[in-house]
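Have a look at the structure below before the remarks.
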Amino acid sequence: MSTTRLIKQLLPSLLLAGLILLISCGKEEVPIPLTEEKLVEVLIDMHMAESMIEKLPVADRDTVGNVYYRMIYREHGVTQQDFDESMNVLREDPERLDAIYVQIMERLNVLEASERGDENME
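Numbering (full-length UniProt numbering), first residue to last: 1 to 122.
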């Protein structure tokens, strides 16, 4: 069998194997400015603030919301720029963002249960 013929026969298999290898390796996780733990803490406070903001008159929501968000950034020692950049990166990685929101929901459920006095939620 000639080398050219062998290459022609093997080329489709090699290309397919290379494609499978590239797909299976997946994409590298892009780092975010905030740690995932810090981001979870900030997002929990933001969700709690949003629930309070929704109870305000519509005319006051933007002003009070901006004050709340600045307080949250200051309390956690983060900048809005780092927060926004972290969220932009995570929007491109839905699985990672979903995992973060699972943590948020678990913690919010624990907080809600502790407010009700239900100690079995921990």
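Every residue, glycine too, gets a C-beta built ideally from N, C-alpha and C.
query: Secondary structure at D93, three-state DSSP: helix, strand or coil?; result: coil
query: The alpha helix (DSSP H) that contains L39, what's its start and end?; result: 36-53
query: Out of S114, E95, I72, T35, which has the shortest C-alpha to C-alpha gap to H47?; result: I72
query: Would the stretch 89-106 and the stretch 56-72 be scored as touching if the rule is three or more Cβ pairs under 8 Å?; result: no
query: Can you find the residues in the same chain that come closer than 7 Å, C-beta to C-beta, to V78, ignoring five residues on each side of it along the sequence?; result: L34, K38, V42
query: Once DSSP output is grouped into helix, strand and coil, what is the label at I104?; result: helix
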